[in-house]
Amino acid sequence: MTRRLTAALALFTTLLLGGCGYDYGTDQLGQKVASERLDGQWFVLNYWAEWCGPCRTEIPELNALAEQLKGQKIGVLGVNFDNVQGEELKSASEKLGIKFTVLAQDPADRFELPRSEALPVTYIVDDKGKVREQLMGEQTAAGVMAKLKALQAMN
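The following block contains the structure:
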């Protein structure tokens, strides 16, 4: 009887947890980034570093893009290239003036992203989780928006 109860409980837990989506870890403020927040929408994923000059120039453009996209099913996310965590990530994000969500955990494996040796690098991911475009170098809000629109029109 105990074995059956244990097996049933294990099966129930597996089914319950199996229905949960992939969580994206935490952001620069330590807040959980739940899958419901990102799944089923397009997003722009930007890799940056504190020491990267073009990244520093690009951040205000990405802030403007994130503001422009508010209320739409398109998000802007950042990932620190150096994989800093916790307070160090929060501090680096604040120093650069980043206003969009920065993921503490790199989602490269989830989206099968190659490790780029150059920064900044930006990926456009569609609503099905497929990487549609890799943009190398410094981007502008207008340029990324035009690329998003073109890709969505092809969808």
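Position one of the sequence shown corresponds to residue 1 (the UniProt record's numbering), numbered consecutively onward.
The beta carbon of each residue, even a glycine, is placed where N, CA and C say it ideally should be.
With DSSP run on the structure shown, which of helix, strand or coil describes residue i?
i: Q105; result: coil
i: R115; result: coil
i: K130; result: coil
i: T57; result: helix
i: K99; result: coil
i: K70; result: coil
If you draw a straight line from the C-alpha of residue i to the C-alpha of residue j, how long is it?
i: D27; j: L89; result: 9 Å
i: G86; j: T101; result: 14 Å
i: K128; j: A150; result: 17 Å
i: I74; j: A34; result: 15 Å
i: residue 156; j: D23; result: The requested residue 156 does not occur in the structure, where the chain is confined to residues 1 to 155.
Measure how close the beta-carbons of residue i and residue j come, nearest whole angstrom, since I'm counting them as under 8 Å.
i: E133; j: K147; result: 6 Å
i: L45; j: V79; result: 7 Å
Which word fits residue i, buried or exposed, when buried means at least 16 other C-beta atoms lie within 10 angstroms of its C-beta?
i: F81; result: buried
i: T122; result: buried
i: S93; result: buried
i: L114; result: The amino acid occupying residue 114 in the given sequence is Pro; Leu does not appear at that position. So P114 counts as exposed.
Taking DSSP's pairing of strands, which residues face residue i in a bridge?
i: F43; result: G75, V125
i: M136; result: V121
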